[in-house]
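What follows is a short report on a single structure.
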Amino acid sequence: MAIIKSYIQQDDGTITAVIEGVELTNKDFLLLDNGLEVECDVDVIDPYKITGKQRRKVFAMIRDIFDHYGQPMDYLRYMFQKQLEFLHGYEPMSLSNCSRRQASELIELILDFIFQYDIPMRKQTSDLMSNDKYFLYKSTINRTCVICGAPNSDLAHYQAVGRGRNRNKINHTNNKVLALCRKHHTEQHQIGMATFNRKYHLQDSWVDVDEKLNKMLRGEK
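Residue numbers (this note's numbering): 84 to 304.
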């Protein structure tokens, strides 16, 4: 196995690294001996294994898909794992010992499927996903309440826009938002932001407004 022994970060942000244990062919040696470069891809192995919470997220979402379609859970899990292996060129993976990065990618893949096909989540699942950044972003751009899962929800601002201002002409990119149904959006205004965030554990959950969200907030397509 090749191992990175040391590195230097260049002024342009790229990394020059010393790597030991690289396997080269005779053609590679021929190019290098003649002063030519050999291109290669470096894929750093994640030393950290999947966490218990990541595993629970995967099985909770698989259960929601099972409840909606009725397909066996083992088949659904196998299907998503094989899709991820194909997309990234991974060796056959297992939820018992895959890396945290692979687990995160699997969670995002399943979330994309859930939002694409409007699969309802049980409250236990949404509670488990409540601090998952990708879940919060996907819920917000799909206008699905991050608390109860209600569709066609409001885009609630973290920092108040102010009455009388035309939201279609404001640049919202310095703000944060979350998708909240009318009931929870109203509650947020009634009890105040700090109390609302503590009640629903949303202190670090508000989503930065990117260009896509900015267009949505301005009523653009």
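Where a beta carbon is used, it is the ideal one built from N, C-alpha and C, also for glycine.
| task | For Y241, collect the residues of the same chain with a Cβ closer than 8 angstroms to its Cβ; drop the 5 residues on either side in sequence, then sort them by chain order. | result | N258, K259, V260, L261, M276, W289
| query | K206 to I91, Cα distance in whole Å? | reply | 48 angstroms
| task | Taking I98 as the reference, give the member of E106, G104, L107, K88 with the closest Cα. | result | K88
| query | Alpha carbon to alpha carbon, how far is L192 from D94? | reply | 35 angstroms
| said: Going by beta-carbon coordinates alone, are E103 and I128 separated by less than 8 angstroms? | reply: no
| field | Candidates D157, M156, H255: closest to D293 by CA position | value | Cα-wise, what sits closest to D293 is H255.
| said: Taking 8 angstroms as the cut-off, does the region 215-228 touch the region 157-169 (at least 3 CB pairs, one atom from each stretch)? | reply: no
| Considering only residues of the region 94-159, which uninterrupted beta strand (DSSP E) runs meet the minimum length of 3 residues and lie entirely inside it, listed in chain order? | Runs found: 98-103.
| field | Residue from Q154, E122, Y131 with nearest C-alpha to N180 | value | Y131
| request: Could you tell me the distance, in whole angstroms, from the CA atom of F198 to the CA atom of D147? | output: 12 angstroms
| field | Endpoints, the alpha helix (DSSP H) within which H267 is located | value | In the DSSP assignment, H267 falls within the unbroken alpha helix (DSSP H) covering 265-274.
| query | Do L211 and A143 have their C-beta atoms within less than 8 angstroms of each other? | reply | yes
| With distances taken between CB atoms, is the gap from P234 to T227 smaller than 8 angstroms? | yes
| Distance between beta carbons of I133 and M183, contact taken as under 8 angstroms | It is worth fixing the name first, because residue 183 is Arg in this sequence and not Met. Between I133 and R183 the Cβ distance is about 6 angstroms, and since that is below 8 angstroms, they are a contact.
| query | If you draw a straight line from the alpha carbon of R265 to that of E120, how long is it in whole angstroms? | reply | 60 angstroms
| message | Using the Cβ count rule (16 or more neighbours within 10 Å means buried), how would you classify M156? | response | exposed
| query | Can you name, in chain order, every residue of its own chain whose Cβ lies under 6 angstroms from the Cβ of G232, other than the five neighbours on each side? | reply | M204, S209
| said: Quick check for students: name the residue ranges of the alpha helix (DSSP H) that lie wholly in the region 168-219, counting only runs of 4 or more. | reply: 183-199, 206-211
| In angstroms, rounded to a whole number, what distance separates the CA positions of L114 and Q164? | L114 and Q164 have their C-alpha atoms some 39 angstroms from each other.
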